[in-house]
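See structure below.
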Amino acid sequence: GEDVEQSLFLSVREGDSSVINCTYTDSSSTYLYWYKQEPGAGLQLLTYIFSNMDMKQDQRLTVLLNKKDKHLSLRIADTQTGDSAIYFCAEINTGTASKLTFGTGTRLQVTL
Amino acid sequence: EAGVVQSPRYKIIEKKQPVAFWCNPISGHNTLYWYRQNLGQGPELLIRYENEEAVDDSQLPKDRFSAERLKGVDSTLKIQPAELGDSAVYLCASSLSGGTEKLFFGSGTQLSVL
Chain A
1 GEDVEQSLFL SVREGDSSVI NCTYTDSSST YLYWYKQEPG AGLQLLTYIF SNMDMKQDQR
61 LTVLLNKKDK HLSLRIADTQ TGDSAIYFCA EINTGTASKL TFGTGTRLQV TL
Chain B
1001 EAGVVQSPRY KIIEKKQPVA FWCNPISGHN TLYWYRQNLG QGPELLIRYE NEEAVDDSQL
1061 PKDRFSAERL KGVDSTLKIQ PAELGDSAVY LCASSLSGGT EKLFFGSGTQ LSVL
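Residue numbers (this note's numbering), protein chains in the order written: chain A, 1 to 112; chain B, 1001 to 1114.
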């Protein structure tokens, strides 16, 4: 089945940029997503990218997609303490009945 | 506009007891999902509804888990009997339609089975 991998932990200083990485195995993925989960809360969709794009920018967020290497990244510019959370990468293959597959999540810790 | 509402927020039960979770999706959202999130893991799909029809329940352990969405709006997920390994956060999500629509998640029910 599909597999989505992420590193477990990332620590950055406030004001620096954060880059969270994700690799996936399904070459037929059509959409890839980044979700944010704060403690005790559900997941919040941050942004998503269609597989025929290689970059998408939304304010402080930049998503880069390398479809050849099946690598997705999320860059957060000017990281703030409020960005501390777990970030999940997810992919969907619209040819397989719309099932989202999530990664294991990357915990982002922002220090002062 | 209210988001996806789930209750209860927390549930502690002894093993072999039954438990039920309730979800009210965002108004107008036809697609409803139940996910299970184990500690330190990403959510895994249990069941997906399109209106009142369960269109993907392949990951639902049918010997002890059941779900319903009788009128195509609210949904309940039941476990009977619960086992220790069922301890997890159960998340409900909804979207306008299945496919590439954005999913909106509730805050989840944290289940502890003792």
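Glycine included, C-beta positions come from ideal geometry on N, C-alpha and C. Keep in mind it's a predicted model, so treat the numbers as computed, not measured.
Validate contact between the region 1054-1068 of chain B and the region 1001-1010 of chain B using beta carbons, cut 8 Å, 3 pairs:
no
Taking its Cβ as the centre, do 16 or more other Cβ atoms sit within 10 Å of Phe88/A, making it buried, or is it exposed?
Buried is the call here.
Answer yes or no: does any C-beta atom of chain A fall closer than 8 Å to that of Asp1056/B?
yes
Val1055/B to Leu65/A, Cα distance in whole Å?
30 Å
Any idea what DSSP makes of Thr81/A, helix, strand or coil?
helix
Under DSSP, the beta strand (DSSP E) around Leu53/A begins and ends at which residues?
The sequence shown places Met at residue 53/A, not Leu. Element bounds for Met53/A: n/a, residue is neither H nor E.
C-alpha distance - Ser1087/B paired with Thr25/A, whole-angstrom precision
29 Å
Evaluate Thr113/A with the Cβ neighbour count: other Cβ atoms within 10 Å of its Cβ, from every protein chain shown; 16 or more gives buried, anything less gives exposed.
No answer is possible for residue 113/A: the residues shown for chain A start at 1 and end at 112.
Chain A contacts made by the region 1041-1052 of chain B, where a contact means CB separation under 8 Å:
Gln1041, Gly1042, Pro1043, Glu1044, Leu1045 and Arg1048
For the pair the region 27-43 of chain A and the region 92-112 of chain A, tell me if three or more CB-CB distances fall below 8 Å.
yes
Alpha-carbon to alpha-carbon, Gln1037/B and Glu1050/B:
22 Å
Please list, in chain order, all residues of the same chain as Val1113/B whose beta carbon is under 7 Å from its beta carbon, the five residues on each side excluded.
Ile1013, Lys1015, Ala1082, Glu1083, Leu1084, Asp1086 and Ser1087
What does the alpha-carbon distance come out to for the pair Lys67/A and Thr111/A?
Lys67/A and Thr111/A: Cα-Cα distance of roughly 32 Å.
Nearest candidate by alpha-carbon position, reference Glu14/A, set Arg107/A, Ala90/A, Thr79/A and Thr104/A
Thr79/A
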